[in-house]
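Accompanying notes for the structure given below.
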Amino acid sequence: MTLLPAAGTPPAAAGPIPEVDLATTLAGVEFPNPVFTASGCAAAGQELGQFFDVAELGGLVTKSILLEPRAGRPTPRMAETPSGMLNSIGLQGPGIGAFLDRDLPWLASRGARAVVSIAGARVEDYAELAGRLRGQPAVALLEVNISCPNVEDRGAVFACDPTAAAAVVAAVRCAAPPGVPVFAKLSPDVTDIVAVARACVEAGAGGLSMINTLLGMAVDTTTLRPVLAGVTGGLSGPAIRPVAVRCVWQVHAALPEVPILGMGGIRTGLDALEFLLAGASAVSVGTAIFGDPSAPVRVLAELRTALVERGISRLADVVGLAHRPPAPPHLTGPEPPGAADADPEGT
Ligand code: DHB
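Quick look at the structure:
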């Protein structure tokens, strides 16, 4: 597999760079552009500061924060798979106290728009975390991770059940800073993602983040044991992109007014454009960061080029554009070979 950047789009022709309005709005919050990091791929963002100015991105999504510091699962907890990556980190992190004392002030000092991801084992944990974020002006959005695959008990994956997902979202909405939208992060490992999405929105989610990793596993044929110490893990990377695009498409079709932060295997500007066309208003770049820490800024530059090449001057115009009805046949170009000879009666 390759986590390295795919060949980018060709550079635009020399001359003045055409203006493209890249601004996007998520549940009333404005962002200068639609490219964010994805949760879990760069802690709280400091480690990316040596590669680019983190304020250049639309937003920085933190690794999910818990109430207490946590060491996570035993190693090995990452494995490469074809066009993907499995991880079983187990929500390692410093806890909300250290995040508020150290990480959030750093993000604020850099002018980054922080999207704070929170996770917990109980509804009350999420509510307490959301409450601790009150009075923190650097918090642009809250992302509620109700879909972490690396928990001992599948019953604790709130996003696999509409009622459980709604309970977390309602509690977070109640406790969260007023005016800060709550985005629920959904799992693709469900039969009907639209039902979960609808339940979250009815419970007060201002938007949806889609998708979290898929539950996967790998077995080592030399040791004859599971590769990951935690046995199962979350699958991410290009391997899951078609699943993610399908989820974004289905939810945007059912709930077109609900903003979506789309993610799942984005490596290039064209990958980002695919999510926007399917209905996302912004995108997160995740696994690509492990091979190329500057991937999010490169994706942003490539997205701009892709819009220019298509004569599009406003990013907002492409959101959900793939849902428009197909053009009548006389506008779609030449007929396919043999079409004129077709016998409509089938005789
Ligand atoms: C972890 C959390 C996630 O939400 C995910 O998709 C994968 C891994 C974790 O910390 O284990």
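Numbering-wise (our numbering), the sequence shown opens with residue 16 and increments by one. We put the beta carbon where it would ideally sit given N, CA and C, even for glycine. Here the structure is a predicted model, which means the values were calculated and not measured.
- Closer than 7 Å to some heavy atom of ligand 1: that describes the Cβ of I104.
- In the displayed model, V50 falls within a strand according to three-state DSSP.
- Residues of the same chain with a CB within less than 8 Å of the CB of G110, apart from the 5 flanking positions on each side, are I80, L81, L82, E83, P84 and R85 in chain order.
- Under the DSSP assignment, I275 falls in the beta strand (DSSP E) whose first and last residues are I275 to M278.
- Under the DSSP definition of a beta bridge, E45 partners with T40.
- Residue state for R169 is assigned as helix, using DSSP reduced to three classes.
- In this structure V184 is buried. Its beta-carbon is surrounded by 16 or more other beta-carbon atoms within 10 angstroms.
- DSSP places A342 outside any beta strand (DSSP E), giving it a letter other than H or E.
- P164 has its CB nearer than 7 Å to a heavy atom of ligand 1.
- Three or more beta-carbon pairs separated by less than 8 Å are not found between the segment 92–105 and the segment 114–130, which leaves the two stretches without contact.
- In the displayed model, E217 falls within a helix according to three-state DSSP.
- Comparing alpha carbon positions, the residue from G74, F66 and D168 closest to N48 is G74.
- Looking at the backbone, the Cα of G279 and that of G150 are separated by about 32 Å.
- Looking at the DSSP output, P311 sits in no beta bridge, so it has no partner there.
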